[in-house]
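Structure first, then comments.
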Amino acid sequence: MAQKKTAIVTAAGSGMGADCARRLAADGYHVAILSSSGKGEALARELGGVGLTGSNRSNEDLQRLVDLTMERWGRIDVLVNSAGHGPRAPVLELSDEDWHSGMEVYFLNAVRPARLVTPVMVAQGGGAIVNISTFAAFEPDPVFPTSGVFRAGLAAFTKLYADRYAPDNIRMNNVLPGFIDSLPETDER
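Here the sequence shown stands for residues 43 to 231, numbered as in this note's numbering.
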């Protein structure tokens, strides 16, 4: 009998990250969820997984999530890197701090966890990493400049990573969704 696979999903308290966690659980995966709100822990309990309240901007929080996942299930087969929302303003009105924040939210959110799960995936013979990116990685949208700029960088990182770790049977891909209305339906909407 095949061992049940395990997935980590970051920024999964709501939106696309939460929906990815739900789908993975429905497909039979153990799920470990990181979110900056308690919603991720609640969702993990609902799905029979583990959750941690923390930030994908924190190496320590990400390491705790990897450690928790390995202690519980002993493997990591899938990593889904979701993201929150970065700064928005006209391109020249963004401060240096805004640009740095955008890099944290849209680029390093994928680099940091990849560093941590890659040795695990190499040791177990493979895995898959999926970065939730944006259509604006290749055709920037002036409404979301930090997203477009840093996710274009994420595309380059993903290519470099995929080429390097393909011999280890590890895939990394970006998905490029358009606009997703992830707000709950209400009487007003």
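All residues carry an ideal CB built from backbone N, CA and C; glycine is no exception. The structure presented is a predicted model; accordingly, all values stated were derived computationally and were not measured.
| query | Is Val122 helix, strand or coil by DSSP? | reply | Three-state result, Val122: strand.
| said: Within 8 Å, do at least three Cβ pairs link the segment 146 to 163 to the segment 198 to 207? | reply: Yes: at least three Cβ pairs fall under 8 Å.
| query | Applying the criterion that 16 or more other CB atoms from any shown protein chain within 10 Å of the CB defines a buried residue, is Asp109 buried or exposed? | reply | Under the 10 Å beta carbon count, Asp109 is surrounded by fewer than 16 other beta carbons and is classified as exposed.
| CB-CB length for Ala213 against Ala170, believed under 8 Å | Going by the sequence as given, residue 213 is Arg instead of Ala. Between the beta-carbon of Arg213 and that of Ala170 there is about 5 Å, and that keeps the pair under the 8 Å contact cut.
| query | Using the C-alpha atoms, what's the distance from Ser137 back to Ile50? | reply | For Ile50 and Ser137, the distance between alpha carbons rounds to 33 Å.
| What do you reckon, are the CB atoms on Thr160 and Tyr207 nearer than 8 Å? | Yes, Cβ-Cβ distance for Thr160 and Tyr207 is below 8 Å.
| Residue nearest to Leu134 in terms of C-alpha spacing, selected from Gly144, Pro187, Leu94 | Residue Pro187 is the option with its Cα nearest to Leu134.
| query | If you draw a straight line from the alpha carbon of Ala60 to that of Lys81, how long is it in whole angstroms? | reply | CA-to-CA, the gap between Ala60 and Lys81 works out to about 9 Å.
| request: Please specify which runs of the alpha helix (DSSP H), each continuous and at least 4 residues long, are wholly inside the segment 137 to 191, giving them in chain order. | output: Within the segment 137 to 191, the complete alpha helix (DSSP H) segments at least 4 residues long are 138 to 145, 151 to 166, listed from N- to C-terminus.
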